[in-house]
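Participant: This is the structure I have questions about; it appears just below.
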Amino acid sequence: MRKVRVRTHGVEYRTVARVISLENLSAQWRPELRFLVRAADAEGITKVAQLRSAGLTNLISLTSSLHVADQWQAEPVVETGGILMDEDVVAFADHMNHAHVLYRYTDQHHTVFLTNRCNSYCLMCSQPPTKQDDSWLVNEAVEVANHIASSPHTLGFSGGEPLLLGEHLRLVLDTFAHQHPSTRYDVLSNGRLLANPIYAEHMLKGLSERVTWMVPLYGHADFLHDFVVQSPGAFEETLAGLLNLRRFGQAVQLRIVLIRPVLENLAALCEFIGRNLPFVREVALMACEPIGFALANPELTDIDLREWSAELSHGIRTLKRAKIPAILMNAPLCALPQILWPYAHKSISDWKRTFAEDCATCRVKTECAGLFSWHHPGKFSMKIQKIEGIINV
Ligand code: SF4
Numbered sequence: 000m001r002k003v004r005v006r007t008h009g010v011e012y013r014t015v016a017r018v019i020s021l022e023n024l025s026a027q028w029r030p031e032l033r034f035l036v037r038a039a040d041a042e043g044i045t046k047v048a049q050l051r052s053a054g055l056t057n058l059i060s061l062t063s064s065l066h067v068a069d070q071w072q073a074e075p076v077v078e079t080g081g082i083l084m085d086e087d088v089v090a091f092a093d094h095m096n097h098a099h100v101l102y103r104y105t106d107q108h109h110t111v112f113l114t115n116r117c118n119s120y121c122l123m124c125s126q127p128p129t130k131q132d133d134s135w136l137v138n139e140a141v142e143v144a145n146h147i148a149s150s151p152h153t154l155g156f157s158g159g160e161p162l163l164l165g166e167h168l169r170l171v172l173d174t175f176a177h178q179h180p181s182t183r184y185d186v187l188s189n190g191r192l193l194a195n196p197i198y199a200e201h202m203l204k205g206l207s208e209r210v211t212w213m214v215p216l217y218g219h220a221d222f223l224h225d226f227v228v229q230s231p232g233a234f235e236e237t238l239a240g241l242l243n244l245r246r247f248g249q250a251v252q253l254r255i256v257l258i259r260p261v262l263e264n265l266a267a268l269c270e271f272i273g274r275n276l277p278f279v280r281e282v283a284l285m286a287c288e289p290i291g292f293a294l295a296n297p298e299l300t301d302i303d304l305r306e307w308s309a310e311l312s313h314g315i316r317t318l319k320r321a322k323i324p325a326i327l328m329n330a331p332l333c334a335l336p337q338i339l340w341p342y343a344h345k346s347i348s349d350w351k352r353t354f355a356e357d358c359a360t361c362r363v364k365t366e367c368a369g370l371f372s373w374h375h376p377g378k379f380s381m382k383i384q385k386i387e388g389i390i391n392v
């Protein structure tokens, strides 16, 4: 989630608003929404103030000029970096010196964060869970659904574990499906709570057909999956959850994060999926994000995918035999043998993606997923090696 430096005054806790120009305001204004209205100069701020006095109390002026802001008594929101764009949905508050961009239409990837709580404790978790009550995120997600002006092609929901929200998750999914019926939705969930058939029915019955569940599976047996997610019984629960997803006709993408113990057993896992879970729509093989708990367990998580080409190729072939498509995510092309490039996806979110210095002159940069912005060259095993010469991708 992008953080943008702002100055605010008189704004209540985590106000969610849509950025808009004065010109577009009349076409988009609705009483139940809040708008951050661009006011380039004192005249613009005066105009917004007049509109507020006339009853449009859901307007807050936004200026990029400290000079203009300092002249004004009822201080507007100030953002001098010029980063906020029209139609951005942002959250801000007086106690914050920044705004969070919760949605930007022009981004390739869109994610709504629903909770930081989780019932697993994965060895390589990029976002270590916390126990605090963060149920306010549900209301914020609903606000985001309402404030988005242009529906995205695809939008993901992540956590933590979204299923911990129970009926509130269903409320969020139904609100988005209602407001943005053309959008496809991905729910990143460990699926464990769906093992309960009553819960599964409440969550899944009548759910929009545009939802895909993205469920991690790290082993062909409990000793491996339960070890990776640090939760005894998780393997059985995940499988039961997957079967309930099937029962309610839900689309499933299985997600396999490529850490050492998983790669050592990848052949058995792909075989297991092909034999027992043939209904899954796709399997995503994902390079590990070098952040969070992954940094605490480098002996398990810090790997160079080049050394595992044979295992990756074998796993993909096994899935192919079972007629289950496989994709590779988060992996720079130079970390993969060329034969696997057709499976590689540009999956790293816009705000998290970076490239190394060497990438500037790499022949395949435009097709490459790039690197997580927290990847430091030389610090991790994954080495970057620019591709030169003629390439037939
Ligand atoms: S050198 Fe950079 S752009 Fe080229 S394949 Fe590697 S990571 Fe991608």
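So that you can map any letter, position 238 of the sequence shown is 237 in numbering that gives the first Met the number 0, and since no number is skipped, the others follow by simple counting. Every residue, glycine too, gets a C-beta built ideally from N, C-alpha and C.
1) Report the rounded CA-to-CA distance for Phe-222 versus Leu-238, giving the unit in angstroms.
2) On the DSSP letters alone, give me the boundaries of the beta strand (DSSP E) that Lys-2 sits inside.
3) Determine the closest residue to Leu-21 out of Leu-55, Arg-254 and Asn-195, with distance taken between C-alpha atoms.
4) DSSP on Tyr-198, reduced to helix/strand/coil?
5) May I ask which residues mark the beginning and end of the alpha helix (DSSP H) holding Phe-292?
6) Taking C-beta to C-beta, are Leu-154 and Tyr-184 nearer than 7 Å?
7) The ligand SF4 heavy atoms versus the CB of Asp-357: any closer than 6 Å?
8) Are the Cβ atoms of Ser-393 and Met-328 separated by less than 7 Å?
9) At which residues does the alpha helix (DSSP H) containing Ser-52 begin and terminate?
10) Compute the minimum distance between the beta carbon of Pro-335 and the heavy atoms of the ligand SF4, and state whether it is under 6 Å.
11) Would you say the beta carbon of Ile-302 comes nearer than 6 Å to a heavy atom of the ligand SF4?
12) Taking only runs of the alpha helix (DSSP H) that begin and end inside the segment 228-301, which ones reach a length of at least 4 residues, in chain order?
13) What beta strand (DSSP E) runs, 3 residues minimum, are completely inside the segment 104-155?
14) Determine the extent of the alpha helix (DSSP H) in which Arg-17 is found, giving its start and end residues.
15) Kindly confirm or deny that the segment 295-305 and the segment 316-325 touch, where touching means at least three C-beta pairs closer than 8 Å.
16) With the cut-off set at 7 Å, would you say Phe-271 and His-219 are in Cβ contact?
17) By DSSP, does Arg-37 sit in helix, in strand, or in coil?
18) Do Ala-283 and Arg-305 have their beta-carbon atoms positioned less than 7 Å apart in this structure?
19) For Trp-212, does the count of other Cβ atoms within 10 angstroms reach 16, so buried, or fall short, so exposed?
20) Would you say Leu-193 faces chain C, with C-beta separation under 7 Å as the test?
21) If you draw a straight line from the alpha carbon of Gly-248 to that of Arg-274, how long is it in whole angstroms?
22) So, under 8 Å CB-CB, Pro-151 and His-177 are touching, yes? Tell me the CB distance rounded to an integer number of Å.
23) Please report the residue range of the beta strand (DSSP E) in which Leu-101 lies.
24) Give the DSSP-derived three-state secondary structure of Val-67 in the structure shown.
Facilitator: Reading it off the structure:
1) Rounded to whole angstroms, Phe-222 and Leu-238 show a C-alpha spacing of 14 Å.
2) Its beta strand (DSSP E) spans residues 1-4.
3) For Leu-21, the nearest C-alpha among the options comes from Leu-55.
4) Here Tyr-198 sits in helix by DSSP.
5) Under the DSSP assignment, Phe-292 falls in the alpha helix (DSSP H) whose first and last residues are 292-295.
6) A contact, by the Cβ cut-off of 7 Å.
7) Within the cutoff, so yes.
8) Residue coverage of the chain in this structure runs from 0 to 392, which leaves residue 393 outside it and unanswerable.
9) From DSSP, the alpha helix (DSSP H) with Ser-52 extends over 41-52.
10) The residue asked about is misnamed: residue 335 is Leu in this sequence, not Pro. Not under cutoff, so the answer is no.
11) Checking every heavy atom of the ligand SF4 against the Cβ of Ile-302, none is found closer than 6 Å.
12) DSSP runs (the alpha helix (DSSP H)) wholly in the segment 228-301: 233-246, 259-263, 265-275, 292-295 and 297-300.
13) As summarised for the segment 104-155, the continuous beta strand (DSSP E) elements at least 3 residues long and confined to that stretch are 110-112, given in chain order.
14) Per DSSP, Arg-17 belongs to no alpha helix (DSSP H); it is in the beta strand (DSSP E), 14-20.
15) No: fewer than three Cβ pairs fall under 8 Å.
16) Yes, the pair counts as a contact, with Cβ atoms nearer than the cut-off.
17) If DSSP states are grouped into helix, strand and coil, Arg-37 belongs with the strands.
18) Not in contact: Arg-305 and Ala-283 (Cβ atoms no closer than 7 Å).
19) Around the beta carbon of Trp-212, 16 or more other beta carbons sit within 10 angstroms, so the residue counts as buried.
20) Within the model displayed, chain C is absent; a lone protein chain is all it includes.
21) Cα to Cα, the separation comes out at about 19 Å.
22) Contact flag wrong, Cβ pair sits at about 15 Å.
23) Run containing Leu-101: 97-102, per the beta strand (DSSP E) assignment.
24) Per DSSP, reduced to three states, the secondary structure at Val-67 is helical.
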